[in-house]
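Worksheet: the structure to be examined is printed underneath.
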Amino acid sequence: MTLPHNEQELGKPLRRKKKRSAVFIVIVISVLVHVLGGIGLATLKIIEVLQPEPEFEAPPVVQVKQPPPPPPPPPTIKRAQKSLPRPQALAVQNSQNVSVPTIELNQSKLSIGGGRGFGGGLGALGGGVADAIRITSFGFDRAMEGTLEGTLYDFKRDEKGKEYPIASESDFGPKTAYAAEIIQDFARRFDIKKFERKFSKSSKLLYGSYFVIPAQSANVAPKSFSAEKEIAPSLIAVVYQGTFKAQESGRFRLLGKGDDVLLVRINGKLILDASWRAHTYSQWEPSSSAERANKDGGNRYFGLSQPVIRGDWFNLTAGRETEVEILISEVPGGGFGAYLLIEDSKELKPQIFSTRPLSEQDTLFLKNTHPDAAQFIPD
């Protein structure tokens, strides 16, 4: 029996067969695509592996020029102590008008007893080196190592130059009483500032290391300080202050005489009052040994008519600063003079007291100042 020819049934096996063929083709194509893709990837990978690695060439080495080293620091200039120039000449000016043509500043020592000395030699001249050094019985006109600064005061005028009533007094008594009150107060304290506040003074300073003023006119004091036009030679005082160093330790005492006043203080203690009138210008009392020596009398030196007065013993230590204060005064006017010596307790041989070594020119000056000086200058 034949199947009816039906449009719906017609071609069914044919379409199923076509559908299976189409699916198969799609699968085959897909497989081929994947295979071809894999082959392509594998080829690329093989090419990548077989391709040689790129070579990296380092850039050429450039020679770098080193920067110049920093400049060295400037050399340190060490200031060496300047050697002290030597003055060429010494102009001597004193009451005898001694002329000294040249000066030889050496290192000779002032021996005290058994070779002991004071000071450390000459130092730099104050204010620079001069071609000439003026020297008087009151000191040099320039500071040197070991010298004491000296100032001339006028008890007749105040610090502004106005005269006190005592300036017109002519009698000796009132002048002595007036000066005694001033100097006694000063001797208790040695307060130089009080002098500065109360009295006129010389504008010029002198610098003493030894003190030998033979008996002469009182005019020598203001003249030495170049103040003869401003300061009359009465009721005046010169005060020296400073320090020195002993070269050796020992026990010493000062001796001297002053017309009218000579007071000396060492390290703050009054150790000598060799004034013309005892117990007038200070309350100093000599030690028993000094009193015995003074009672026994003594020689008279440098033209002064009274004997030498010995002071108290004091100790000096080598290399240690020793403070010295000296007051020399002329009260009524007229005659004037003072000197200061030193002796050691072992030999009791007086020599000129000096706060620095005596040079050859110092020795010559002293010998020409007065004949008595020669016996007190060490060999």
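Per full-length UniProt numbering, numbering of the sequence shown is gapless, rising by one per residue and ending at 379.
Note that CB positions come from ideal geometry on N, CA and C, so glycine has one too.
For residue i, the nearest candidate out of the options (CA to CA)
| i | options | result |
| --- | --- | --- |
| F140 | L327, K204 and D312 | K204 |
| P286 | L263, R300, F244 and Q216 | L263 |
| I135 | F190, F211, S288 and D171 | F211 |
| L148 | R189, L206, L316 and I29 | L206 |
| P214 | A246, R277, Q306 and R265 | Q306 |
| F244 | K367, L366, T317 and K346 | T317 |
Close beta carbons around residue i, own chain, < 8 Å, minus the five adjacent residues each side
| i | result |
| --- | --- |
| A218 | P233, S234, I236, E330, G333, G334, G335 and F336 |
| N267 | F314, T322 and E323 |
| E196 | E159 |
Through-space distance from residue j to residue i, alpha-carbon basis
| i | j | result |
| --- | --- | --- |
| K160 | A227 | 16 Å |
| F138 | K194 | 22 Å |
| N294 | G258 | 15 Å |
| Q184 | R157 | 19 Å |
| G319 | G250 | 12 Å |
| A167 | Q241 | 27 Å |
| D296 | E169 | 38 Å |
| A328 | V239 | According to the sequence shown, residue 328 is Ile rather than Ala. Approximately 7 Å, taken between the alpha carbons. |
| A374 | Y164 | 42 Å |
| D191 | L152 | 15 Å |
| G173 | K229 | 26 Å |
Simplified DSSP state of residue i, which is helix, strand or coil
| i | result |
| --- | --- |
| Q241 | strand |
| E343 | strand |
| L235 | coil |
| P273 | Here residue 273 is Asp; the residue named in the question, Pro, does not match the sequence. The answer is strand: DSSP assigns D273 an E or B state. |
| V220 | helix |
| I192 | helix |
| I27 | helix |
| A278 | coil |
| S203 | coil |
| D372 | helix |
| I166 | helix |
| R142 | coil |
| D312 | strand |
| R197 | helix |
Residue i: first and last residue of the uninterrupted alpha helix (DSSP H) it sits in
| i | result |
| --- | --- |
| D182 | Rather than Asp, the amino acid found at residue 182 in this sequence is Ile. I182 -> alpha helix (DSSP H) spans F172 to R189. |
| S288 | S288 to K295 |
| L206 | Taken as a continuous stretch (DSSP letters only), L206 belongs to no alpha helix (DSSP H), being part of the beta strand (DSSP E) at L206 to G208. |
| D362 | E360 to T369 |
First through last residue of the beta strand (DSSP E) which encompasses residue i
| i | result |
| --- | --- |
| S217 | V212 to S217 |
| S329 | E321 to E330 |
| K257 | G250 to D259 |
| T151 | L148 to D154 |
| D158 | Per DSSP, D158 belongs to no beta strand (DSSP E) and is neither H nor E. |
| I135 | A132 to T136 |
| I377 | Neither: I377 is in no beta strand (DSSP E) and is coded neither H nor E. |
Beta-carbon proximity list for residue i, same chain, < 7 Å, skipping 5 on both sides
| i | result |
| --- | --- |
| G115 | Annotation note: pLDDT 28 at G115 (below 50); position unreliable, coordinate value reported separately. The answer is none, since no qualifying residue turns up. |
| A187 | L263, L270, Y281 and S282 |
| Y301 | V308, Y339 and D372 |
| I182 | F155 |
Any non-hydrogen atom of the ligand GDP closer than 6 Å to residue i Cβ
| i | result |
| --- | --- |
| S224 | Only the bare structure without any ligand can be found here, which leaves the ligand GDP out of the picture. |
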